[in-house]
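Enquirer:
There are 2 protein chains.
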Amino acid sequence: MPSYINMSAAEKNAELKKVYEEYKHLKNMGTALDMTRGKPGFDQMDVSDNIFNLVGNNTGYKNCEGTDCRNYGGLDGLIELKHLFSQIMGVDHSQIIVGGNSSLNMMYDTIAQAMTHGFGDKPWLLQEKVKFLCPAPGYDRHFGICEYFGIEMIPVENTKDGPDMDEVEELIKDESVKGMWCVPKYSNPEGITYSDDTVRRMAAMQPAAKDFRIMWDNAYAIHDLYEDGDTLLNIYEECVKNGTEDNIIMFTSTSKITFPGAGVAAEAASPKNVELLKKRMTHQTIGPDKLNQLRHARMFPNFDVLKQHMRSHAVILRPKFEAVLDEFEKELSGKDIAVWTKPKGGYFISVNVLEGCAKRVEELCAKAGLKLTSVGATFPYGCDPKNSNIRIAPSYPSVKEVKKASEILCCAIKLAALEKLTAVDN
Amino acid sequence: MPSYINMSAAEKNAELKKVYEEYKHLKNMGTALDMTRGKPGFDQMDVSDNIFNLVGNNTGYKNCEGTDCRNYGGLDGLIELKHLFSQIMGVDHSQIIVGGNSSLNMMYDTIAQAMTHGFGDKPWLLQEKVKFLCPAPGYDRHFGICEYFGIEMIPVENTKDGPDMDEVEELIKDESVKGMWCVPKYSNPEGITYSDDTVRRMAAMQPAAKDFRIMWDNAYAIHDLYEDGDTLLNIYEECVKNGTEDNIIMFTSTSKITFPGAGVAAEAASPKNVELLKKRMTHQTIGPDKLNQLRHARMFPNFDVLKQHMRSHAVILRPKFEAVLDEFEKELSGKDIAVWTKPKGGYFISVNVLEGCAKRVEELCAKAGLKLTSVGATFPYGCDPKNSNIRIAPSYPSVKEVKKASEILCCAIKLAALEKLTAVDN
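Protein sequence lines, in the order shown, are assigned to chains C and Y.
Anchor point for the first sequence: position 276 equals 276 in this note's numbering, and the numbering is continuous, going up by one each time.
Take any residue in the second sequence, note its place counting from 1, add 1000, and you have its number in this note's numbering.
1. Applying a beta-carbon distance threshold of less than 9 angstroms, which residues of chain C neighbour Gly1261 of chain Y?
2. Start and end of the alpha helix (DSSP H) containing Lys1330 of chain Y?
3. Cα separation between Gly263 of chain C and Gly100 of chain C?
4. Note down the Cα distance separating Lys1307 of chain Y from Lys1210 of chain Y, rounded to an integer number of angstroms.
5. Below 8 angstroms on the Cβ atoms is my guess for Ile349 of chain C versus Gly191 of chain C; work out the distance and round it to an integer in Å.
6. Consider the Cβ of Gly144 of chain C: report whether some Cβ of chain Y lies at a distance smaller than 7 angstroms.
7. Considering only their Cβ atoms, is the gap separating Leu1233 of chain Y from Asp1196 of chain Y smaller than 7 angstroms?
8. Can you tell me which of C:Trp340, C:Gly345 and C:Gly120 puts its alpha carbon nearest to the alpha carbon of Ala314 of chain C?
9. Can Pro137 of chain C and Thr378 of chain C be called in contact, C-beta distance under 7 angstroms?
10. Give the straight-line distance between the Cα atoms of Ser1395 of chain Y and Gly66 of chain C, rounded to the nearest whole angstrom.
11. Curious, which full-length beta strand (DSSP E) runs of at least 3 residues does the segment 1224-1264 of chain Y contain?
12. Taking Cβ-Cβ distances shorter than 9 angstroms, what residues in chain C pair up with Ala1112 of chain Y?
13. When we look at the beta-carbon of His1117 of chain Y and count the other beta-carbons within 10 Å, is it buried (16 or more) or exposed?
14. With burial defined as no fewer than 16 other Cβ atoms inside 10 Å of the residue's Cβ, what is the status of Ala1423 of chain Y: buried or exposed?
15. Would you list, in chain order, the members of the segment 1343-1361 of chain Y that have their beta-carbon closer than 9 angstroms to a beta-carbon of chain C?
16. Could you pull out every unbroken beta strand (DSSP E) segment of at least 3 residues lying fully inside the segment 122-150 of chain C, listed in chain order?
17. Using a Cβ cut-off of 7 angstroms, pull out every chain C residue sitting near Ser1102 of chain Y, in sequence order please.
18. Tell me where the beta strand (DSSP E) around Lys371 of chain C begins and ends.
19. Just checking: is the beta-carbon of Leu1033 of chain Y within a distance shorter than 7 angstroms of some beta-carbon in chain C?
20. Show which residues of chain C have a CB atom less than 8 angstroms away from the CB atom of Gly1056 of chain Y.
21. Would you give the residue range spanned by the beta strand (DSSP E) that Asp1034 of chain Y belongs to?
22. Less than 7 angstroms separating the beta-carbons of Tyr260 of chain C and Tyr1226 of chain Y?
23. What does the Cβ neighbour count give for His1296 of chain Y, buried or exposed, with the cut at 16 atoms within 10 Å?
24. Just how far apart, CA to CA, sit Glu331 of chain C and Asn387 of chain C?
25. To be precise: take each residue of the segment 367-388 of chain C, compare its Cβ to all Cβ atoms of chain Y, and keep it if any distance is under 8 angstroms. Which residues remain?
26. Which residue marks the beginning of the alpha helix (DSSP H) containing Ile111 of chain C, and which one marks its end?
27. Can Arg141 of chain C and Leu84 of chain C be called in contact, C-beta distance under 7 angstroms?
28. Can you pull out the residues from the segment 34-46 of chain C whose beta carbon lies closer than 8 angstroms to at least one beta carbon of chain Y?
29. Does the distance from the C-beta atom of Thr1193 of chain Y to that of Lys1185 of chain Y stay below 7 angstroms?
30. For Pro1002 of chain Y, collect the residues of the same chain with a Cβ closer than 6 angstroms to its Cβ; drop the 5 residues on either side in sequence, then sort them by chain order.
31. Thinking C-beta only, is Leu1033 of chain Y closer than 7 angstroms to Ala1405 of chain Y?
32. Could you please give the first and the last residue of the uninterrupted alpha helix (DSSP H) stretch that includes Met165 of chain C?
33. Residues of chain C with CB under 8 angstroms from Phe1132 of chain Y, in chain order?
34. Sort C:Ile257, C:Ile235 and C:Arg37 by Cα distance to Ser48 of chain C and report the nearest one.
35. If you follow the beta strand (DSSP E) that Ala338 of chain C is part of, which residue opens it and which one closes it?
36. Leaving out five residues before and five after Glu238 of chain C in sequence, what residues of the same chain have Cβ atoms less than 7 angstroms from its Cβ?
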């Protein structure tokens, strides 16, 4: 494919005309697609349908310890799920709290607790300034929590190995930097997995703030698209080696294993942190929905069953990811107008278009009936300084729809690039 | 029955000896009963067993609006349940937020939000002093929330009509008094329902603090033991008449309708407050477990079905309450050593024994194998200043066990009273 950058002015104008005709054609097809969020599709949710047969109808309501899961009690969740999450999260089951349907809620609560009660130091709300490191692009809802609590967000560049650790190591010398958001495996939105070196440096960090916490959102811990998925170093073990295990709180959930709205979330931390978190929880709730936990415990009696289950998701998701990547390869490769990631798992593909063009791409797509995640949403304060990053969430539509969406997207990327490049010429 | 108070010293000593023999006999029976918490019994939970057939197995996952309840979305809950809770809570369905499995969690979140973001004024954590009125005896978990957040609790005397409103009206002149806990119907632990006059005076309150909130925990809104249960005036309507509707936030749940651990909770408030609460929630969660909400919506297609369902609970609970009250009548009536409530609903009976005797009663019961709610737990900071109040939770044990428990309790009350009365004499 010829690079758009190296084209003559005449060639660019000719290409613009051609791509514009393509765009007009696509626009007239009456497409109506929503790729704004990383929602699993119907077919994926159907994979877990058997879960409804596992509680009720003479199956009994007791877990392996004899607890009637219908009644009150059990603040930190069922033992079976602690063991299961222990294998997902790589810490001892005693360090796990199994919660309700939302890991986001657990993260929110953790920050809220820090605001009013601190983490061994003054409540963050009573400290002069609280800042958080935000590898960007990242997960908009993480940034939303910071914004709600008035925590100043400092964007950190992402490399192919995770956050730029030189930058991070410099920034944590500031005592008002109290934490950092991380999606360490198949990151949202880039699908990057932190390298061993990144994890080791992160575990070795000695932040100036004694109440610094890494918010380790391992949402896609076992969400591989291929058998040879990425591997993530066990950060907790690395932290223990460095004596920094109190610096990290880890989260995950089954939202993208069973049901987005009715899964089970978990958090894991050092014994000291778990004690703190549980102390708050005794005032917050009598306990999570143990019946839904019981459903999950019976659905996944061991880790192998869970891994097999995830293969069913991969079978559904893989063609959707490949449809996007194939179209990118076909339409954008060699043109020097876009750089994209090729994740081996997770829920997103990230593409960086020419600087200043992302919003125009979003607009062109919208006009052609394709709704994308709002440009900027993946950055602190909703602002992508380069106006370049686009998050693609291919999970919800069908493969056919994803193909159509990719066509529209590629066309819009080309069109926006040519508009920019020809405008520069004129 | 002869009054213990009017007995001669010799009569008291003889009675003490007799009651002590009774106690020894009961102690030797090897009873092991737990009446510490207001937990529904197995038989009550079985009443809702059909709920498990209502989602899954070809029943579909969509609600009346076509939402697939398995997926993300729906921050404030399903419309069907908003309509159902609207009838329980007496406000328009648009003012209702349907949540997860815990109304306690919703209350905690409301206070937590006030601490960090306030209610239109400065965040409570940044205000010099925050106080809460706590009608006592009351619900220990309400007081626990205040304690956790460092909110100073001011006990308010309960009358047979609810909190002493003369006292309340005086106390709210203090600008640092920011709110008040209320269990207005079949209160925990006394089973009292606020009189119309109490509700009207409460709705008419003009607290000095502009960010004052009544935390209206209507946990037992439809939990009658008898057809002619208590009726509670609609406080929201009274508030609207007074223009004080922003002063109140209301809570309820199905914890004691379906399952304590896996019910559905709801909160209701003025449009202005609902907007504030939802703003926080957008940062806190993507949404509640809609599948469990759907189960409930299908279980209770209308209010009549729900009311009929509650009658099944009443049939189970009534004999347990009556077993306690019959034993009280038989053993304590006329002795001038105990005053108890006779609730027409709810989960608790409250008995006031002679001042200074409650802890001794608790101890005597424990030694005879009956665990009671810890004395003092129903008061702010866990301290009953008169050491007199005992909360009885008859729902969990069987009728036979409740009878046995009541025997032990009455015997312990008599024994503790006689110990006190004879000690005074000696």
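From the three backbone atoms N, C-alpha and C, an ideal C-beta is built for every residue, glycine too.
Note that the structure is predicted; figures quoted are calculated from it, not measured.
Expert: In this structure, then:
1. The CB of Gly1261 of chain Y comes closer than 9 angstroms to the CB of Asp68, Cys69, Arg70, Asn71, Tyr72, Gly73, Gly74, Ile286, Gly287, Pro288, Asp289, Lys290 and Leu291 in chain C, given here in chain order.
2. Phe1303 to Leu1332
3. 8 angstroms
4. Straight across, the Cα-Cα distance linking Lys1307 of chain Y with Lys1210 of chain Y is about 38 angstroms.
5. Right, their Cβ atoms sit about 6 angstroms apart.
6. yes
7. yes
8. C:Gly345
9. yes
10. 20 angstroms
11. 1248-1253
12. Asp109, Ala112, Gln113, Met115, Thr116 and Gln284
13. buried
14. exposed
15. none
16. Inside the segment 122-150 of chain C, DSSP marks whole beta strand (DSSP E) runs of 3 or more residues at positions 131-136, from first to last along the chain.
17. Residues of chain C with a Cβ closer than 7 angstroms to the Cβ of Ser1102 of chain Y are, in chain order, Thr285 and Ile286.
18. Leu370 to Leu372
19. Any Cβ of chain C closer than 7 angstroms to the Cβ of Leu1033 of chain Y would place that residue at the interface, and such an atom is absent.
20. The answer, in chain order, is Asp49, Ile51, Phe52 and Asn53.
21. Leu1033 to Met1035
22. The sequence shown places Pro at residue 260 of chain C, not Tyr. Against a cut-off of 7 angstroms, the Cβ pair of Tyr1226 of chain Y and Pro260 of chain C comes out as no contact.
23. buried
24. 21 angstroms
25. none
26. Ser103 to His117
27. Result no, Cβ atoms of Arg141 of chain C and Leu84 of chain C do not sit closer than 7 angstroms.
28. Those would be Arg37, Lys39, Pro40, Phe42 and Met45, in chain order.
29. yes
30. none
31. yes
32. Met165 to Leu171
33. Within chain C, no residue comes near Phe1132 of chain Y; the closest Cβ sits about 14 angstroms away, beyond 8 angstroms.
34. C:Ile257
35. Ala338 to Trp340
36. Val199, Arg200 and Ala203
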